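Enquirer:
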Amino acid sequence: MGSPRLICSRAQSDGCGAQGNWSIDGRFSFVEDKDEHCHEKEPNGKRDAKFFAALYTATQHQFRHLRTIYGEVALLHQDSAKDYPFDSVKANMEYYQKSKKLPTINSQKDFQQMLTNAKYADICKHNRGKINTDFVAKSSIIYRDNNLINALDTNTLFVESSIIVLPKDLKAVQITCVGTHYMDHIFPMIWNVISTKSTDSTKSLVQKWKSFKYVFEPLQIYYDFDNDYYQSLKDVFLEADIKGSYLSHCKASTSIMTDEAIQSEINLEDDVTRKIFAKIVALSLLPAEQISSAFIRIALSLDNQQRETFKDLMNYYIENWMGKIGTDKYSFYKDRGSLYKNMDLIFKNLYNLAPKNCTSWDFLERVLASCEQCHLHRKNYVKNKKINWSSNKIKNLFSSKKNCSEIEILWDSIKEDTEPNKIDDFLRKAAALTVPVIRNLKFAGIHLSSKFELVKLVEPTQPVINLEELFRLRELPRNVEDLFEDQVHGNDVYEENLRLIDNPDEVHEMNLDGPNNPSDSESEEAYM
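As structure tokens, then:
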């Protein structure tokens with residue numbers, strides 16, 4: 001950018017055409033052929049020129065309110081500030097702001113060097129504080145507000161990534177946000193722009209997070225089933241219970257199902273197909289010990305065409321969720337925190353406010369605004385014991401309120417009753433709650449990073465369930481104990497499925513719809 005152009009303060013009143021430039025190093029020079037005033041020189045002209053040059057530079061290189069910028073400049077130019085109060089220069093500053101044009105960034109290194117330039121010394125300030133930027137292993141940039149991090153309780157963290165807003169000039173592959181729970185709200189406090197992602201780079205990133213607070217030992221961390229983050233969080237925060245979220249489970253499952261549907265020309269808008277899929281996804285709302293047997297009951301209830309339709313998805317589910325993660329690691333039974341959708345909403349709010357072709361400067365501006373909002377609402381709570389921040393108020397995935405009475409009732413219904421009919425009824429109703437979630441995910445688009453890899457906790461030596469053999473056994477006569485025992489591992493699952501095979505009528509009675517089952521329309525508002 002060139003040096004700021006200055007015009008005579010009496011250009012309008014006296015028609016003076018004198019113009020000059022004030023360089024960053026403090027030297028003034030007239031513009032060629034515009035080096036003469038048509039009036040007597042102002043006694044304080046040079047002093048005031050410095051004041052206006054400082055206002056111009058500050059306004060062009062900050063994202064704060066104009067009055068805040070003026071106040072800091074006025075402290076350094078008090079004599080000029082007496083002659084030119086804020087209201088008299090506000091129009092000038094608004095013009096400077098509208099004509100702001102920050103330099104183009106081509107890489108993370110460019111951005112890092114730019115922030116060391118004296119002109120940009122205050123660009124990371126917001127109206128209630130400032131953020132720091134950390135450049136980690138040439139792979140990521142961290143934006144953090146230390147005062148905010150130290151003011152908030154970090155016992156529970158929410159870690160989620162998205163690609164819906166990416167600063168293209170930083171060659172970002174994903175954005176990761178870290179939020180925490182504060183007075184029935186979720187406050188985003190650490191933002192990360194990821195340019196290169198691997199297990200090692202992610203671990204370096206998480207280790208850096210830990211250094212931001214003297215005691216940073218969360219007890220619970222909700223994440224999005226990303227393998228790199230799980231391994232890193234587990235290694236760095238040794239005492240934390242690391243859990244996935246139900247929305248992330250829906251995203252990963254729906255993404256795979258959508259790909260399979262396109263290849264197999266499956267109509268996911270078909271009502272029955274959608275409900276079967278929702279039942280498979282909703283298995284994770286059951287207690288961990290009930291998931292395997294409930295999965296088999298679903299599989300045995302399918303007709304031949306449905307088996308073919310869902311074969312690839314069910315094998316994916318068996319191999320990855322049941323086999324490599326384990327039902328005890330993705331059961332959301334009675335875990336209210338796993339049903340929050342706030343991190344997803346925080347990313348959507350960022351997307352709505354950022355320009356279409358988001359740059360590193362645009363992203364910085366949005367992060368500054370986010371941190372400022374957190375400070376504002378925390379201060380309001382301290383003063384008034386109340387927060388009025390509806391966009392960040394805790395929202396359950398199913399009800400858009402903090403809690404969902406429907407899922408609470410369903411959980412209570414199987415608290416002490418594991419009868420198959422009770423489990424079937426639970427799944428029918430949980431699937432009805434899940435259908436609008438899946439529908440809205442498909443409508444809005446599922447935004448998983450190309451670097452996303454589903455977490456792997458174990459490496460099974462053999463399939464937990466052999467689906468082909470299970471379907472074959474369904475067609476065999478009663479005496480199948482020896483064959484079945486080889487395919488289903490675990491006595492409870494084995495005995496349950498022998499009973500199901502012995503009672504085929506009961507299997508066929510497992511209708512997708514049941515009494516008191518909420519319809520799709522009744523659940524449409526569950527995920528907006």
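Mapping to the UniProt record's numbering: the sequence shown position 318 is 318, numbers consecutive.
Where is the CB? At the ideal position from N, CA and C, for every residue including glycine.
These numbers were taken from a predicted model, which means no experiment stands behind them.
I believe isoleucine 190 touches arginine 128 by the beta-carbon criterion, under 8 Å. Please report the beta-carbon distance rounded to the nearest angstrom.
Expert: Indexing the sequence shown from 1 puts residue 190 at position 190. Indexing the sequence shown from 1 puts residue 128 at position 128. Contact doesn't hold; Cβ gap of about 17 Å is too wide.
Enquirer: Spatial neighbours of serine 449 within its chain, please: CB distance less than 7 Å, with the 5 preceding and 5 following residues excluded, ordered by chain position.
Expert: Taking the first residue of the sequence shown as 1, we reach residue 449 at position 449. For serine 449, where only same-chain residues beyond five positions count, the Cβ hits under 7 Å are Ser161, Ile163, Val173, Gln174.
Enquirer: Can you look up tyrosine 223 in the DSSP assignment and give me helix, strand or coil?
Expert: In the sequence shown, counting from the first residue as 1, residue 223 sits at position 223. Tyrosine 223 falls in the strand class under three-state DSSP.
Enquirer: Could you give the distance in angstroms between the alpha-carbon of histidine 375 and the alpha-carbon of aspartate 169?
Expert: Your numbering for residue 375 matches position 375 in the sequence shown. Your numbering for residue 169 matches position 169 in the sequence shown. So the two alpha carbons sit approximately 29 Å from each other.
Enquirer: Which whole-angstrom value describes the C-beta separation of aspartate 48 and serine 80, a residue pair presumed to lie in contact below a C-beta threshold of 8 Å?
Expert: Taking the sequence shown and counting its residues from 1, the one referred to as residue 48 is at position 48. Taking the sequence shown and counting its residues from 1, the one referred to as residue 80 is at position 80. Between serine 80 and aspartate 48 the Cβ distance is about 5 Å, and since that is below 8 Å, they are a contact.
Enquirer: Can you give the beta carbon distance from phenylalanine 295 to leucine 302, rounded, assuming they're within the 8 Å contact cut?
Expert: One-based indexing of the sequence shown puts residue 295 at position 295. One-based indexing of the sequence shown puts residue 302 at position 302. Wrong, their Cβ atoms sit about 12 Å apart, outside the cutoff.
Enquirer: What are the boundary residues of the beta strand (DSSP E) that includes tyrosine 340?
Expert: Here residue 340 refers to the residue found at position 340 when the sequence shown is read from its first residue. Run containing tyrosine 340: none; DSSP gives neither H nor E here.
Enquirer: Of all the options Leu470, Asp271, Tyr96, which has the alpha carbon lying nearest to the alpha carbon of histidine 65?
Expert: The sequence position of residue 65 within the sequence shown is 65, counting from 1. Of the listed residues, the one whose Cα sits closest to histidine 65 is Tyr96.
Enquirer: What's the call for glutamate 217, buried or exposed, on a 16-neighbour Cβ count within 10 Å?
Expert: In the sequence shown, the residue the question calls residue 217 occupies position 217. Label assigned to glutamate 217: exposed.
Enquirer: Going by C-alpha distance, which of Asp134, Asn132, Lys50, Lys442 is nearest arginine 27?
Expert: Looking up residue 27 in the sequence shown gives position 27. Cα-wise, what sits closest to arginine 27 is Lys50.
Enquirer: May I have the straight-line CA-CA distance separating aspartate 200 from threonine 327, to the nearest angstrom?
Expert: As a working note, residue 200 is residue 200 in the sequence shown. As a working note, residue 327 is residue 327 in the sequence shown. The alpha-carbon atoms of aspartate 200 and threonine 327 are separated by roughly 27 Å.
Enquirer: In whole angstroms, what separates the C-alpha of arginine 363 from that of leucine 102?
Expert: Residue numbering aside, residue 363 sits at position 363 when the sequence shown is read from its first letter. Residue numbering aside, residue 102 sits at position 102 when the sequence shown is read from its first letter. Reading off the sequence shown, one finds phenylalanine at residue 363, where the question assumed arginine. Roughly 13 Å between the two C-alpha positions.
Enquirer: Going straight from the alpha carbon of isoleucine 134 to that of isoleucine 242, what length do you get?
Expert: Position 134 of the sequence shown, counted from the start, is the residue given in the question as residue 134. Position 242 of the sequence shown, counted from the start, is the residue given in the question as residue 242. The amino acid occupying residue 134 in the given sequence is aspartate; isoleucine does not appear at that position. In a straight line, the C-alpha of aspartate 134 is about 25 Å away from that of isoleucine 242.
Enquirer: Kindly indicate the opening and closing residues of the alpha helix (DSSP H) around glutamate 160.
Expert: Position 160 of the sequence shown, counted from the first residue, corresponds to residue 160. Unbroken run through glutamate 160 is the beta strand (DSSP E), 156-162; no alpha helix (DSSP H).
Enquirer: Based on Cα-Cα distance, which residue from Gly15, Pro167, Gly337, Ile123 lies nearest to threonine 68?
Expert: Position 68 of the sequence shown, counting from 1, holds the residue named residue 68. Considering only alpha carbons, the answer is Ile123.
Enquirer: Sort Lys125, Glu239, Ser139 by Cα distance to asparagine 147 and report the nearest one.
Expert: On the sequence shown, residue 147 is found 147 positions in, with the first residue counted as 1. When each option's Cα is compared against that of asparagine 147, the closest is Lys125.
Enquirer: For valine 136, which residues does DSSP report across the bridge?
Expert: The residue given as residue 136 occupies position 136 in the sequence shown. According to DSSP, valine 136 bridges with Ser140.
Enquirer: Which term fits valine 382, buried or exposed, when burial requires 16 or more other beta carbons within 10 angstroms of its beta carbon?
Expert: Position 382 of the sequence shown, counted from the first residue, corresponds to residue 382. When all chains shown are included, valine 382 counts as exposed.
Enquirer: Considering only the alpha carbon of each residue, which of Leu115, Ser211, Met257, Lys251 lies closest to aspartate 344?
Expert: Mapped onto the sequence shown, residue 344 falls at position 344. Measuring from the Cα of aspartate 344, the nearest candidate turns out to be Lys251.
Enquirer: Taking a contact to mean a Cβ-Cβ separation below 7 Å, would you say serine 232 touches alanine 137 in this structure?
Expert: Here residue 232 corresponds to residue number 232 of the sequence shown, with the count starting at 1. Here residue 137 corresponds to residue number 137 of the sequence shown, with the count starting at 1. No, the pair does not count as a contact, with Cβ atoms beyond the cut-off.
Enquirer: Alpha carbon to alpha carbon, how far is tyrosine 223 from threonine 258? Give it in angstroms, no decimals.
Expert: Within the sequence shown, numbered from 1, the residue matching residue 258 stands at position 258. Within the sequence shown, numbered from 1, the residue matching residue 223 stands at position 223. If you take the alpha carbons of threonine 258 and tyrosine 223, they lie about 23 Å apart.
Enquirer: Can you tell me whether valine 455 is buried or exposed? The criterion is at least 16 other CB atoms within 10 Å of its CB, across all chains shown.
Expert: The sequence position of residue 455 within the sequence shown is 455, counting from 1. That one is buried.
Enquirer: Return the CA-CA distance between asparagine 491 and serine 253, expressed in angstroms with no decimal places.
Expert: Taking the sequence shown and counting its residues from 1, the one referred to as residue 491 is at position 491. Taking the sequence shown and counting its residues from 1, the one referred to as residue 253 is at position 253. Unreliable positioning characterises asparagine 491 in this predicted model, as indicated by a pLDDT of 43, which lies under 50. A coordinate reading is not provided.
Enquirer: Using the C-alpha atoms, what's the distance from leucine 247 back to tryptophan 411?
Expert: As a working note, residue 411 is residue 411 in the sequence shown. As a working note, residue 247 is residue 247 in the sequence shown. If you take the alpha carbons of tryptophan 411 and leucine 247, they lie about 18 Å apart.
Enquirer: Taking its Cβ as the centre, do 16 or more other Cβ atoms sit within 10 Å of serine 390, making it buried, or is it exposed?
Expert: Here the question's residue 390 lines up with position 390 in the sequence shown. It counts as exposed.
Enquirer: Nearest by alpha-carbon distance to glycine 179: which of Asn352, Asp425, Ile221, Val193 is it?
Expert: Residue 179 sits at position 179 when you count from the first residue of the sequence shown. Checking every option, the nearest Cα to that of glycine 179 belongs to Ile221.
Enquirer: Determine the direct distance from the alpha carbon of leucine 433 to that of lysine 442, and round the result to whole angstroms.
Expert: Position 442 of the sequence shown, counted from the start, is the residue given in the question as residue 442. Position 433 of the sequence shown, counted from the start, is the residue given in the question as residue 433. Taking the straight line joining both Cα atoms gives about 15 Å.
Enquirer: Does methionine 93 come out as helix, strand or coil in the three-state DSSP assignment?
Expert: Walking along the sequence shown from the start, residue 93 turns up at place 93. Helix at methionine 93.
Enquirer: Mind checking whether the beta-carbon of threonine 418 lies closer than 6 Å to any heavy atom of the ligand MN?
Expert: Although the ligand MN was asked about, the structure shown includes no ligands whatsoever.
Enquirer: Could you spell out the range, first to last residue, of the beta strand (DSSP E) harbouring tyrosine 70?
Expert: Taking the first residue of the sequence shown as 1, we reach residue 70 at position 70. Per DSSP, tyrosine 70 belongs to no beta strand (DSSP E); it is in the alpha helix (DSSP H), 66-76.
Enquirer: From the DSSP output, in three-state form, read off aspartate 184 for me.
Expert: Residue 184 sits at position 184 when you count from the first residue of the sequence shown. Coil, per DSSP.
Enquirer: Leaving out the 5 sequence neighbours to the left and right, which residues in its chain are closer than 6 Å to phenylalanine 426 when beta-carbon positions are compared?
Expert: To locate residue 426, count along the sequence shown from 1; it is residue 426. Closer than 6 Å at Cβ, skipping near neighbours: Leu410, Ile414.
Enquirer: For a test of the three-state rule: what should DSSP assign to alanine 288, helix, strand or coil?
Expert: For the purposes of this step, residue 288 is taken as residue 288 along the sequence shown, with counting starting at 1. Helix.
Enquirer: According to DSSP, valine 31 sits in a beta bridge with which residue or residues?
Expert: Mapped onto the sequence shown, residue 31 falls at position 31. Answer by DSSP bridge pairing, in chain order: Lys34.
Enquirer: On the DSSP bridge assignment, give the partners of residue 553 in chain order.
Expert: Because the chain here runs from 1 to 528, residue 553 falls outside it and cannot be looked at.
Enquirer: What is the DSSP secondary structure of histidine 249, counted as helix, strand or coil?
Expert: Here residue 249 corresponds to residue number 249 of the sequence shown, with the count starting at 1. The answer is helix: DSSP assigns histidine 249 an H, G or I state.
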